[in-house]
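Since the structure comes first, as structure tokens, the remarks are kept for the end.
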Amino acid sequence: MERKCFEGEPVSAGTKMGKIFIVKESDIKINEGLIDESEVEDQITNLEVAICRTFIEIYDLNDGFKGILSEEENRIFEFYKEILDDQTFFEEIKSLIKNERYSAEKAIYTCINKYIDEISKSNNEYIKQRIFDLNDIAKRLVRNISVSVADENGLKINEINSEQIMVLKELTPIIAASLAKKEVKGVVAEEGAGYFTHASIILRSTGIPAVNGIRMDEIEKFDGSPAIIDGSKGVVVANPSEAEIQDLKSGLSEKKQALKNGRNGAAACERKPVETADGYRIRLLANISSVKEFLVAKKLGVDGIGLVRTESLFINYKRIPDEKRQYLIYSKIAKDLDGKPVVIRTADIGGDKVPQALAINDQSLSRSARGIRRSLEHKTELVTQIRAIMRAGKFGKVFISFPMVDSIEQIMEVKRIIKDISDELAEKKGEPVNRIGIGTMVETAEAVKIIDEILNEVDFISIGTNDMLHQICEQSRKCSTLEMRSYLEPVFLQTLKHCLDKAAEKNKPACVCGEMATDPMAIVVLLGMGAKDLSMSPSYIENTCRFIRTIKLDEAKEAAQKALESQNLQEVKNMLSELTKNRM
Numbered sequence: 001m002e003r004k005c006f007e008g009e010p011v012s013a014g015t016k017m018g019k020i021f022i023v024k025e026s027d028i029k030i031n032e033g034l035i036d037e038s039e040v041e042d043q044i045t046n047l048e049v050a051i052c053r054t055f056i057e058i059y060d061l062n063d064g065f066k067g068i069l070s071e072e073e074n075r076i077f078e079f080y081k082e083i084l085d086d087q088t089f090f091e092e093i094k095s096l097i098k099n100e101r102y103s104a105e106k107a108i109y110t111c112i113n114k115y116i117d118e119i120s121k122s123n124n125e126y127i128k129q130r131i132f133d134l135n136d137i138a139k140r141l142v143r144n145i146s147v148s149v150a151d152e153n154g155l156k157i158n159e160i161n162s163e164q165i166m167v168l169k170e171l172t173p174i175i176a177a178s179l180a181k182k183e184v185k186g187v188v189a190e191e192g193a194g195y196f197t198h199a200s201i202i203l204r205s206t207g208i209p210a211v212n213g214i215r216m217d218e219i220e221k222f223d224g225s226p227a228i229i230d231g232s233k234g235v236v237v238a239n240p241s242e243a244e245i246q247d248l249k250s251g252l253s254e255k256k257q258a259l260k261n262g263r264n265g266a267a268a269c270e271r272k273p274v275e276t277a278d279g280y281r282i283r284l285l286a287n288i289s290s291v292k293e294f295l296v297a298k299k300l301g302v303d304g305i306g307l308v309r310t311e312s313l314f315i316n317y318k319r320i321p322d323e324k325r326q327y328l329i330y331s332k333i334a335k336d337l338d339g340k341p342v343v344i345r346t347a348d349i350g351g352d353k354v355p356q357a358l359a360i361n362d363q364s365l366s367r368s369a370r371g372i373r374r375s376l377e378h379k380t381e382l383v384t385q386i387r388a389i390m391r392a393g394k395f396g397k398v399f400i401s402f403p404m405v406d407s408i409e410q411i412m413e414v415k416r417i418i419k420d421i422s423d424e425l426a427e428k429k430g431e432p433v434n435r436i437g438i439g440t441m442v443e444t445a446e447a448v449k450i451i452d453e454i455l456n457e458v459d460f461i462s463i464g465t466n467d468m469l470h471q472i473c474e475q476s477r478k479c480s481t482l483e484m485r486s487y488l489e490p491v492f493l494q495t496l497k498h499c500l501d502k503a504a505e506k507n508k509p510a511c512v513c514g515e516m517a518t519d520p521m522a523i524v525v526l527l528g529m530g531a532k533d534l535s536m537s538p539s540y541i542e543n544t545c546r547f548i549r550t551i552k553l554d555e556a557k558e559a560a561q562k563a564l565e566s567q568n569l570q571e572v573k574n575m576l577s578e579l580t581k582n583r584m
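Note that UniProt numbering has the sequence shown beginning at 1, numbered continuously upward.
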């Protein structure tokens, strides 16, 4: 059969060869008619059985990922569990069955579509990605009313093996988890695998290459054909040429050798500072959500902790942890870092991170306050957290950072709180208080506008690329309509350069956090734009360390300049793809 190259959106890096396996989702039949009163109890029983079956599926999958996904990534499954366990949600569906005489299937879809309509109005791209999760829950519940649990959304699990590249119309987190357990060669989706979806996070965490945005009707005739998937470039080649196959084998062999030689990438990072090929020092820091992740980061020899996501404490414990508990955790991290810096961010709760169950209502989601704004509305919580952080400061080099800042008044208010706590600890309790460095996350468009004022008030900034990317690209018509969320967009890179330049002018450290700091193409640009500190999940430290050592600062500067002057995203990607292809 003919060779054919399909181009989509890069989602999860890696290059593999396998056989294309087209997954055709089976039709879901919904009884649109009204039921008799005598059928109400049976329909409610069907609903309860479906919820139980779906719970079992989710728990089984979740168990399979223990030790593979981080604590934060594992919370993907929590979203499903919380919805299934939400009594309000259950009662709403029951009400439709009882009062409207809907079938269980129709009641489920009606109820979930109401939430989807609500989410669709959000301007927050992360929240909007939850639509795929809700759709999946609706389909799963309906199937579980009458179909065997083993029939995984029509996936025919038994026919799937580790030699296949799966092609689906719509990818969901649970399907992604199922495919990851099967260790498939790659995943191609028409939709549902955007960079920020839960499905993509699972595939990246398990090292499965993935591409999004390839139309099923164009690729399905290649069912069973050999193919190469390149998740870094967002390309799938069906019936590749012999030369392409040899290139792939050659590349894989080199990578294996590199891994073998650097068996100890972690140790290499630990033994000597991370530098570019021409000796330019870069600090690699870790983003952590738990003590467990901290221990992994410490073992890797990181230069410090760039971000402690304290909201994980709030979410995991289902209630606000008291000062003692927070103090013990922060103190342990500060002590164990032996003088290396640790930046503790106050809880970034709200919108997409509401800790209660379903929490999809008129008072939540995008309309709820988030980050520092929410914290200032819940001042008792904030004061407790700041006090715990400040007390832990005597054990090490502790800094405090505030999320989602969008006004200078917020910074002034938290500084007043810090001073009051400092006075209280020193005067009333006689506890010595070290001066604690104060910083903010720069991750909103408003923060970018007032960055001069912010830098005048803080000791450092951390640039949160994930949230900032959404806001900048949503506000700019220059961003690609095909890839609305690529951090290689020239207009977004120009925004980052502005922030880094301003920090350098004021002689204040600026750390780049988020997915962007782990992508080799983006790393080149960041180094070229002057970034010296990168903070990321511990799982990316080794590869990033190894990659940085292949780059010279001069070539990074040249690449960054070209990227900043590029006309569009594709131009940037083409240039960086060429520069990085033999160094990963």
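Ideal Cβ positions, reconstructed from N, Cα and C, are used throughout, including at glycine.
Query raised in the report: For the ligand ADP, any of its heavy atoms closer than 8 Å to the Cβ of residue 30?
Result: Because no ligand of any kind appears in the structure shown, any question about the ligand ADP cannot be addressed here.
Query raised in the report: Are the beta-carbon atoms belonging to residue 228 and residue 16 less than 9 Å from one another?
Result: Contact flag set, yes.
Query raised in the report: What first and last residue would you give for the alpha helix (DSSP H) that runs through residue 591?
Result: The requested residue 591 is not part of the displayed model; the chain covers only 1 to 584.
Query - Beta-carbon spacing of residue 171, residue 50 below 9 Å - result: Annotated as distal: residue 171 and residue 50, with beta-carbon spacing of 9 Å or more.
Report task. Only counting runs of 4 or more residues, tell me where the alpha helix (DSSP H) segments fall wholly within the region 20 to 102, in order along the chain. Result -> Within the region 20 to 102, the complete alpha helix (DSSP H) runs of at least 4 residues are 40 to 64, 71 to 84, 87 to 100.
Query raised in the report: Where are the alpha helix (DSSP H) runs, 4 residues long or more, that stay fully inside the region 528 to 580, in chain order?
Result: DSSP runs (the alpha helix (DSSP H)) wholly in the region 528 to 580: 541 to 548, 553 to 565, 569 to 580.
Query raised in the report: If we call anything under 9 Å between Cβ atoms a contact, is residue 116 one with residue 99?
Result: In this structure, residue 99 does not lie closer than 9 Å to residue 116 by Cβ.
**Report entry** Whole-angstrom C-beta distance between residue 487 and residue 531, which should lie under 8 Å
**Finding:** Rounded, the Cβ-Cβ distance is 13 Å, inconsistent with contact.
**Report entry** Sequence ranges, beta strand (DSSP E) only - wholly within the region 404 to 450, length at least 3
**Finding:** Within the region 404 to 450, the complete beta strand (DSSP E) runs of at least 3 residues are 437 to 442.
Query raised in the report: What residue from 139, 295, 341, 577 has the CA that sits closest to residue 283's CA?
Result: Here the closest residue by C-alpha is 341.
Report task. Buried or exposed for residue 59, please, with buried defined as at least 16 other CB atoms from any protein chain shown within 10 angstroms of its CB. Result -> By the Cβ-count criterion, residue 59 is exposed, with fewer than 16 other Cβ atoms from all chains shown falling within 10 Å of its own Cβ.
Query raised in the report: With 16 as the cutoff for other CB atoms within 10 Å, does residue 2 come out buried or exposed?
Result: Residue 2 comes out exposed.
Query raised in the report: Three-state secondary structure (DSSP) at residue 509?
Result: Three-state result, residue 509: coil.
Query raised in the report: In angstroms, rounded to a whole number, what distance separates the CA positions of residue 202 and residue 426?
Result: The straight-line gap separating the alpha-carbon atoms of residue 202 and residue 426 is approximately 47 Å.
Query raised in the report: Taking C-beta to C-beta, are residue 386 and residue 400 nearer than 9 Å?
Result: In contact: residue 386 and residue 400 (Cβ atoms closer than 9 Å).
Requested in this report: Please report how far the alpha carbon of residue 499 lies from the alpha carbon of residue 489, in whole angstroms.
Outcome: Rounded to whole angstroms, residue 499 to residue 489 spans 16 Å at the Cα level.
**Report entry** Euclidean distance between Cα positions of residue 510 and residue 200
**Finding:** For residue 510 and residue 200, the distance between alpha carbons rounds to 28 Å.
Query raised in the report: How long is the line joining the alpha carbons of residue 436 and residue 540, rounded to whole angstroms?
Result: Whole-angstrom Cα-Cα distance: 29 Å.
Query - First through last residue of the beta strand (DSSP E) which encompasses residue 402 - result: First-last of the beta strand (DSSP E) with residue 402: 397 to 402.
Query raised in the report: Who are the Cβ neighbours of residue 277 in its own chain at under 7 Å, not counting the five residues just before and after it?
Result: Excluding residues within five positions, the ones whose Cβ falls inside 7 Å are 549, 550, 551, 552.
Report task. Can you give me the Cβ contacts of residue 244 inside the same chain, cut-off strictly under 8 Å, excluding the 5 residues immediately before and after it? Result -> Excluding sequence neighbours, residue 244 sits near 228, 237.
**Report entry** Residue nearest to residue 163 in terms of C-alpha spacing, selected from 21, 104, 247, 231
**Finding:** Nearest Cα to residue 163 within the set 21, 104, 247, 231: 21.
Query - Helix, strand or coil at residue 486 [DSSP, three-state] - result: DSSP places residue 486 in coil when its eight states are reduced to three.
Query raised in the report: Can you tell me whether DSSP reads residue 247 as helix, strand or coil?
Result: In the structure shown, residue 247 sits in a helix (DSSP, three-state: H, G or I).
Query raised in the report: Measuring CA to CA, which of 48, 214, 79, 211 is closest to residue 609?
Result: The structure shown does not extend to residue 609, since the chain spans only 1 to 584, so no value can be given for it.
Report task. Buried or exposed for residue 471, please, with buried defined as at least 16 other CB atoms from any protein chain shown within 10 angstroms of its CB. Result -> When all chains shown are included, residue 471 counts as buried.
**Report entry** Straight-line gap, residue 198 to residue 519 (C-alpha atoms, nearest Å)
**Finding:** In this model, residue 198 and residue 519 are separated by some 18 Å (Cα to Cα).
**Report entry** Pairwise C-alpha distance: residue 543 and residue 264
**Finding:** Low local confidence applies: a pLDDT of 45 at residue 264 is under 50, so the model's placement there is unreliable, with the coordinate-based value given in what follows. For residue 264 and residue 543, the gap between their C-alpha atoms comes out near 11 Å.
Report task. Please classify residue 352: is it buried, with 16 or more other beta-carbons within 10 angstroms of its beta-carbon, or exposed? Result -> In this prediction, residue 352 has a pLDDT of 44, which is less than 50 and means its spatial position is unreliable; what the coordinates show is noted afterwards. Residue 352 should be labelled buried.
**Report entry** residue 298, buried or exposed, once every other Cβ within 10 Å from all chains shown has been counted against 16
**Finding:** With 16 or more Cβ atoms within 10 Å of its Cβ, residue 298 is classed as buried.
**Report entry** Beta-carbon contacts of residue 556 that lie in its chain and below 6 Å, excluding the five residues immediately before and after
**Finding:** 524, 527, 528, listed in sequence order.
Query - Extent of the continuous alpha helix (DSSP H) run through residue 296 - result: Where residue 296 is concerned, the enclosing alpha helix (DSSP H) stretches over 291 to 299.
Query - Helix, strand or coil at residue 265 according to DSSP, with G and I counted as helix - result: Model confidence at residue 265 stands at a pLDDT of 45, short of 50, so the residue's coordinates are unreliable; what they give is reported in the following sentence. Residue 265: helix per DSSP, three-state reduction.
**Report entry** Inter-residue Cα distance where the pair is residue 389 and residue 310
**Finding:** Taking the straight line joining both Cα atoms gives about 11 Å.
Query - Start and end residues, alpha helix (DSSP H) containing residue 104 - result: It spans 104 to 120 - the alpha helix (DSSP H) in which residue 104 sits, taken as one unbroken run.
Query raised in the report: Residue range of the alpha helix (DSSP H) that residue 479 falls in?
Result: Where residue 479 is concerned, there is no enclosing alpha helix (DSSP H), given that its DSSP letter is neither H nor E.
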